[in-house]
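Chemist: Just so you know, the first sequence maps onto residues 44 to 270 in the numbering used here.
I'd like to ask some things about the structure below.
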Amino acid sequence: MATDSLLLQLFATLLDCYGNRHWWPGETPFEVCVGAILTQNTNWGNVEKAIANLKAADCLSITGIAACPPHELAALIRPAGYFNIKADRLQSFVRFLNVSHQGSLEQLFEIPWQKARYELLAVRGIGPETADSILLYAGGKPSFVVDAYTRRIFSRLGLVPEQISYDGLQQLFMQHLPLDVDLFNEYHALLVELGKQVCRPHPRCPACCLQKQCSFGNIKLEQSASE
DNA sequence: GGCCAGGACACCA
DNA sequence: TGGTGTCATGGC
44 MATDSLLLQL FATLLDCYGN RHWWPGETPF EVCVGAILTQ NTNWGNVEKA IANLKAADCL
104 SITGIAACPP HELAALIRPA GYFNIKADRL QSFVRFLNVS HQGSLEQLFE IPWQKARYEL
164 LAVRGIGPET ADSILLYAGG KPSFVVDAYT RRIFSRLGLV PEQISYDGLQ QLFMQHLPLD
224 VDLFNEYHAL LVELGKQVCR PHPRCPACCL QKQCSFGNIK LEQSASE
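Take a look at the structure:
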């Protein structure tokens, strides 16, 4: 099967199984950006608590985070873990917006998204997954988000090597799927849902659970991406 | 009480 | 360039 149709078939199977996930949770694009930074290696439930604290303190804005003393910001986002590091990362992000885009998230999203991605990656604390999450879910740009679940799922399906790079796996999707924001949005959300359901870090994943417990309709699990 | 979660970065060989 | 340690809370 061609990789294009395999990826689309997997998407259809997951969509049928889990339904529309309505991602990303967040009332505004800026809240999505904050969530993308706070959720780094962290359970989303803890992120929600941190965001609630920011809202209660009236700090969930570019000016609010910029003006908040670092130790106070860290205290507000404490439930999200790594609070000292993430406080610094949030302030680096808003500093970038203020210096490079006149404090406007909209202005960032007006430039070509590839350039915006390059700029985001230069911000301290924003790596490829966070940058792509910001671009896709806050900016509505067709930049596919790859995360630990995506790598785990696709390597255990035998579609990619386990050690594939972020860019390598991202290219698999972006070269074989239409550059469709809604498709990328839903696809990543569905992969996360699947990962939460069945995919634990190897080797704790029971007998590589994906291969034993998930059939994905009529998709052959051992199928090679090159076929 | 241990494991894990929607990463990123500094440091070292 | 790749591997490893560090950052940290809260739920199960």
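Idealized CB from N, CA, C, for every residue including glycine.
Note that this is a predicted model, so its numbers are computed, not measured.
1) The alpha helix (DSSP H) spanning R194 covers which residue range?
2) Are the Cβ atoms of L233 and L51 separated by less than 8 angstroms?
3) Check the C-beta distance from K184 over to W156 and give it rounded, since I have them as a contact under 8 angstroms.
4) Which residue's Cα is closest to the Cα of L179: F73, Y61, A123 and P122?
5) Touching or not, the region 134-148 and the region 85-97, by the rule of three or more beta carbon pairs under 8 angstroms?
6) When the distance is taken between beta carbons, is I120 closer than 8 angstroms to L151?
7) Within 10 angstroms of the Cβ of G114, are there 16 or more other Cβ atoms? Answer buried if so, exposed if not.
8) Leaving out the 5 sequence neighbours to the left and right, which residues in its chain are closer than 6 angstroms to N63 when beta-carbon positions are compared?
9) Is it true that the region 162-173 meets the region 65-72, where meeting means three or more beta-carbon pairs spaced less than 8 angstroms apart?
10) Leaving aside the five residues before and after L226 along the sequence, list all residues of the same chain whose C-beta is less than 8 angstroms from its C-beta, in chain order.
11) DSSP on D101, reduced to helix/strand/coil?
12) My understanding is that V137 touches I169, with C-beta atoms under 8 angstroms, so please give their C-beta distance in whole angstroms.
13) What are the start and end residues of the alpha helix (DSSP H) that includes Q206?
14) Can you tell me whether G182 is buried or exposed? The criterion is at least 16 other CB atoms within 10 Å of its CB, across all chains shown.
15) Please determine, among V77, P122 and N86, the residue with the shortest C-alpha to C-alpha distance to C102.
16) Just to confirm my understanding: we take G124, look at its own chain, exclude 5 residues before and 5 after, and list those with CB closer than 7 angstroms. What are they?
17) Excluding the 5 residues preceding and the 5 following L296 in the sequence, name in chain order all residues of the same chain whose CB lies nearer than 6 angstroms to its CB.
18) Would you grab the beta carbon distance between D190 and V142 for me? Rounded to a whole angstrom, and I think it's under 8 angstroms.
19) Quick one: using the 10 Å Cβ neighbour count with 16 as the cut-off for buried, is L186 buried or exposed?
Modeler: In terms of the structure at hand:
1) First-last of the alpha helix (DSSP H) with R194: A191 to R199.
2) No, Cβ-Cβ distance for L233 and L51 is not below 8 angstroms.
3) At roughly 4 angstroms, the Cβ-Cβ gap stays under 8 angstroms, so K184 and W156 are in contact.
4) Selected option, being the one with the closest Cα: F73.
5) Segments in contact, no.
6) No, Cβ-Cβ distance for L151 and I120 is not below 8 angstroms.
7) For the sequence presented, residue 114 should be read as His rather than Gly. Exposed: under 16 other Cβ atoms inside 10 Å.
8) Cβ-Cβ distances below 6 angstroms link N63 to nothing in the same chain once the five nearest sequence neighbours on each side are left out.
9) With the cut-off at 8 angstroms, the region 162-173 and the region 65-72 do not touch.
10) Cβ within range, chain order: F54 and L220.
11) It is coil, neither helix nor strand.
12) Actually they do not touch by this definition, with Cβ atoms about 12 angstroms apart.
13) Where Q206 is concerned, there is no enclosing alpha helix (DSSP H), given that its DSSP letter is neither H nor E.
14) Classification of G182: buried, given that the 10 Å Cβ count is 16 or more.
15) Among V77, P122 and N86, the Cα nearest to that of C102 belongs to V77.
16) Excluding positions up to five away in sequence, the list reads T85 and N89.
17) Because the chain is modelled from 44 through 270, residue 296 falls outside the range shown and cannot be assessed.
18) The Cβ separation is near 29 angstroms, so there is no contact.
19) Checking the sequence, you will find Ser at residue 186 rather than Leu. Looking at its Cβ environment, which holds 16 or more other Cβ atoms inside 10 Å, S186 is buried.
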